Amino acid sequence: MILHTISELKEYIKNWKKKGLIIGLVPTMGALHEGHKSLIEKSVGQCDKTVVSVFVNPIQFCPGEDLEKYPRTLEADNELCENIGADVVFAPSPREMYGEETILSNDFLTYVIPPYFYVNKLCGKSRVGHFDGVCTVVNKLFNIVQPDYAFFGQKDAQQLIIIKKMVKDLNIPVEIVSCPIVRESSGLALSSRNKYLKDEEKDSALALSKILFNIKACYAKGITDIEALKETAYPYLNETHNLEYLEFLDAETLKEKVIADNNTRVFIAVKIGDVRLIDNITLGVR
Ligand code: AMP
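As structure tokens, then:
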């Protein structure tokens, strides 16, 4: 069932709360794939009621990014959600979420701004303001849905860490559930943006997971020097790849690592043509 308005959704939430039901929220931007599906399945398995939000959040896109061309497939998304057993697809318009004034100008919106330490790196460096938009919309969704659990993918590990920090700092009464990355059999991490890749670019895109798997294998063999591990990436890169970052950070705190260890997460972002892809892997067993 698709609901477009906050007031309609709130009616359902009120009834569910009255009955003491456990509510799960899966925030997405739609164009749902197996990665999203794994989050929704987890919520349906763990909660009495599951809300999947489908909202291409304009305030998390930077100027020049793909807001207009971002894939929108609401009917198919709803079908997928219904097949898994989700109860509601919440698909508000930007106007419904932010109101008339905010559509006209961001100057009228109260933002949730995550700490500089967490955003001044990885995707936050090139996507200035992105995580302000993410935290603001996720906070709004938490207030609307009042979920007991909210499900996020490790595919966007920086986002997951920032949201956990926001929940802790603002005492938001929700438990964040971290879900593993779902990949194609080729290793490519599933992403709605993979739709943009032309056939030959899809081959190029395999470099990200190959680099990460190889770094993990090298670490397992005993290499802990981060410069040496970074060096192993270059043979996988060619003129089709524009490497934005390859970083080794603490998996919980995003502090820079001097020596790789089991708590290290390796983050990579590469541009292939116009398509910006991200991936990451933990060096520990998780
Ligand atoms: P998005 O629609 O891209 O904003 O993603 C919505 C949620 O799905 C986020 O928590 C993502 O981390 C998660 N997600 C996206 N792709 C994957 C994937 N391949 N595996 C696991 N989770 C994913």
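Add 4 to the 1-based position in the sequence shown for our numbering, that's all there is to it. All C-beta atoms in this analysis are idealised placements derived from N, C-alpha and C, irrespective of residue type, glycine included. Quantities reported herein were computed from a predicted structural model and do not represent experimental measurements.
Give me, in chain order, the residues of the same chain whose beta-carbon lies closer than 8 angstroms to that of residue i; leave out the 5 immediate sequence neighbours on both sides.
i, result
"L7", "L13, Y16, V92, V93, F94, A95"
"P75", "G34, A35, S196, K199"
"N246", "V274, K275, I276"
Is residue i near residue j, with beta carbons less than 8 angstroms apart?
i, j, result
"V141", "F217", "no"
"I263", "T236", "no"
"Y223", "L233", "yes"
"E251", "F271", "yes"
"G28", "D160", "no"
"M101", "K144", "yes"
"D265", "T228", "yes"
"M170", "V123", "no"
Based on the DSSP secondary-structure assignment, which residues constitute the bridge partners of residue i?
i, result
"C183", "G157"
"E251", "F271"
"N266", "Answer is none; N266 lacks a bridge partner."
"S57", "P31, F94"
"A193", "R187"
"L316", "Here the chain covers residues 5 to 290 and nothing more, so residue 316 does not appear."
In terms of residue numbering, what span does the beta strand (DSSP E) encompassing residue i cover?
i, result
"G226", "No beta strand (DSSP E) holds G226; DSSP gives it neither H nor E."
"N284", "279-286"
How would you label residue i, buried or exposed, when you count the other beta carbons within 10 angstroms and need 16 or more for buried?
i, result
"P67", "exposed"
"D278", "exposed"
"S47", "buried"
"K172", "exposed"
"G49", "exposed"
"T114", "exposed"
Using a Cβ-Cβ cut-off of 7 angstroms (strictly less than) and excluding sequence neighbours within five positions of residue i, which residues of its own chain qualify?
i, result
"S182", "F156, Q158, L164"
"S130", "E248"
"S213", "R187, G191, L192, A193, D283"
"C85", "I44, V56, V93"
"S42", "C183, V186"
Are the C-beta of residue i and some C-beta of chain D separated by less than 8 angstroms?
i, result
"F155", "This model lacks chain D altogether; it includes just one protein chain."
For the ligand GTP, is there any heavy atom lying closer than 7 angstroms to the beta carbon of residue i?
i, result
"S190", "For the ligand GTP, the structure offers nothing, since it holds only the ligand AMP."
What are the boundary residues of the alpha helix (DSSP H) that residue i is part of?
i, result
"H134", "134-149"
"V123", "120-123"
"K46", "38-50"
"Y16", "10-22"
So, for residue i: in the same chain, excluding its five sequence neighbours on each side, which residues have a beta-carbon less than 6 angstroms away from its beta-carbon?
i, result
"M302", "There is no way to answer for residue 302, as the model of the chain reaches only from 5 to 290."
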